[in-house]
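Structure, as structure tokens:
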Amino acid sequence: MGRAKAPWSIATDRLLFPPIFSWLALFLSTAPSLADSSFVSVDVAKPNGWVGERIPILVELRTRGTFSGATSFDLPEVSGALLIKVGNPVIGSRNVDGESFFVQTHEFALLSQRVGQVKIPSFPARFATRVGFTGPITESQVSVPPVQIELKRPPGTQELGYLVTTEELVLVEEWSFNPDTVKVGDTIRRTVSQRAAAVPGMALAPLPDTAPAGIRVYATTPEISDRTARGAFEGHRKDVLTYLIQKPGIHILPALVYYWWHPTTNRLESKTLPALTLQVPFPENSEKVEAGDTTNLRWLAVSITCSLIAVVFWKRRLLT
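Just so we're aligned, residue 9 is where the sequence shown starts under the working numbering, counting upward by one.
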């Protein structure tokens with residue numbers, strides 16, 4: 009015969025086990041299920057590209073039920089490259105082997121300044137579905153397959169450093185100062201706006217914050233945005249530099265040269281924003297101060313000379 013349980017043990021089982029099973033069932037019902045790999049695919053239309061070019065990557069998610077809520081991705085860090093999500097997903101449907109699926113297509117963009125093979129590891133995607141339009145919601149998770157992309161640098165650009173690949177780069181420069189009244193202590197603002205076709209704003213070249221001696225430069229956080237108009241994607245970047253004039257004289261604020269590679273014509277394009285020469289006058293009181301200092305030195309020299317003559321004359325009288 010088996011050993012009988014104590015009354016307190018039976019009471020504990022009745023109190024603990026039902027809640028535990030309820031919590032376990034609730035956890036299993038809310039935990040995301042691992043969907044079959046056939047429900048996700050990735051497409052890279054251009055696995056070979058240029059440095060600084062936007063490489064589109066399309067991730068397609070499929071489900072037998074309707075999608076519910078937003079889909080989330082845990083984007084990996086890609087060494088030497090930038091991987092970003094672009095725009096909103098495209099919703100549709102597709103028949104695969106006679107079976108109907110609801111489809112979400114998400115676009116990503118890869119940009120890199122590094123030559124060679126860029127590897128994007130697998131990363132998770134999480135989404136919710138339901139049977140029909142009113143059924144219970146099911147959380148699912150899939151792994152987006154890894155991707156490899158080969159990038160090369162355009163010929164003749166090895167020494168140029170940062171390079172953008174785009175069919176169009178528009179540059180606008182603005183200065184805010186009065187050249188007729190510029191003086192020590194004044195500030196000059198230089199604004200450079202960039203607009204590039206098919207390139208995200210964060211991938212556009214930063215503005216160099218260099219200045220000659222006697223000028224101090226301050227850079228603000230750039231304004232970066234992306235826009236889509238009539239199906240055309242554009243990246244925008246706006247940089248502002250503020251130059252503080254610390255010393256008088258002739259100062260040359262440097263010219264800025266922007267390069268980009270045109271992927272259709274295979275030509276290197278460039279545009280130069282010209283340098284600015286400043287003639288900063290000396291303060292009006294500087295000449296008076298210098299003149300005063302010179303006069304004081306002359307009187308000091310005369311006083312010392314007279315003192316020396318008096319000492320010599322006095323010594324001669326003592327000797328005589």
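Glycine is no exception: its CB is placed at the ideal position from the N, C-alpha and C atoms.
This one's a predicted model, so the numbers in the text were calculated from it and none came from an experiment.
The beta strand (DSSP E) enclosing residue i, as first and last residue numbers
i    : result
Y226 : 223-227
R238 : Unbroken run through R238: none, as it is neither H nor E.
S80  : 74-81
N4   : Given a span of 9 to 328 for the chain in the structure shown, any question on residue 4 remains unanswerable.
Q156 : 155-160
L171 : Per DSSP, L171 belongs to no beta strand (DSSP E) and is neither H nor E.
V200 : 195-205
G164 : Element bounds for G164: n/a, residue is neither H nor E.
L132 : At residue 132 the sequence reads Pro, which differs from the Leu that was named. Unbroken beta strand (DSSP E) run through P132: 131-138.
V265 : 264-270
Check whether residue i and residue j have beta carbons under 8 Å apart
i    : j    : result
T195 : Y266 : no
R329 : V59  : The question about residue 329 has no answer here: the residues shown for the chain are numbered 9 through 328.
F290 : P262 : no
V126 : L159 : yes
H244 : Q287 : no
I128 : G57  : no
R72  : F109 : yes
L264 : V200 : yes
Secondary structure of residue i, DSSP reduced to three states
i    : result
A211 : helix
F185 : coil
F47  : helix
E292 : helix
G60  : coil
G143 : coil
V123 : coil
A283 : coil
F35  : At F35, the pLDDT of 38 sits below 50, so the modelled position is not reliable; the number obtained from the coordinates is stated separately. F35: helix per DSSP, three-state reduction.
D217 : coil
A117 : strand
V178 : strand
T273 : coil
K246 : strand
Q112 : strand
E68  : strand
V150 : strand
W16  : Because W16 carries a pLDDT of 44, less than 50, the predicted location of this residue cannot be relied on, and the following value inherits that uncertainty. The answer is helix: DSSP assigns W16 an H, G or I state.
E107 : strand
E85  : coil
Pairwise C-alpha distance: residue j and residue i
i    : j    : result
A78  : A136 : 8 Å
S49  : P153 : 7 Å
F35  : L215 : Residue placement at F35 cannot be trusted, given a pLDDT of 38 that sits under 50; what the coordinates show is reported in the next sentence. Each residue's Cα considered, the two are about 52 Å apart.
G140 : P97  : 20 Å
L118 : N186 : 43 Å
T4   : E292 : Residue 4 is absent from the structure shown; the chain starts at 9 and stops at 328.
V207 : K93  : 13 Å
E242 : H114 : 18 Å
A205 : A237 : 11 Å
P220 : R62  : 35 Å
D82  : L91  : 11 Å
V150 : P84  : 15 Å
G239 : I258 : 49 Å
R224 : E176 : 33 Å
V111 : S80  : 15 Å
T189 : E167 : 40 Å
S148 : R102 : 19 Å
E68  : F47  : 8 Å
For residue j and residue i, believed in contact at Cβ under 8 Å, the rounded distance
i    : j    : result
I260 : V192 : Not a contact, Cβ separation roughly 17 Å.
S233 : G209 : 5 Å
W268 : T146 : Going by Cβ atoms, the distance from W268 to T146 rounds to 47 Å, so no, they are not a contact pair.
L249 : E181 : Rounded, the Cβ-Cβ distance is 11 Å, inconsistent with contact.
V172 : A213 : 6 Å
I65  : F131 : Not really, about 11 Å apart at Cβ, beyond 8 Å.
G169 : L276 : Their Cβ separation, rounded to whole angstroms, is 13 Å, which puts G169 and L276 out of contact at 8 Å.
S120 : G100 : Incorrect: roughly 30 Å between the Cβ atoms, too far for contact.
Residue i: CB within 7 Å of a non-hydrogen atom of the ligand GDP
i    : result
V288 : Because no ligand of any kind appears in the structure shown, any question about the ligand GDP cannot be addressed here.
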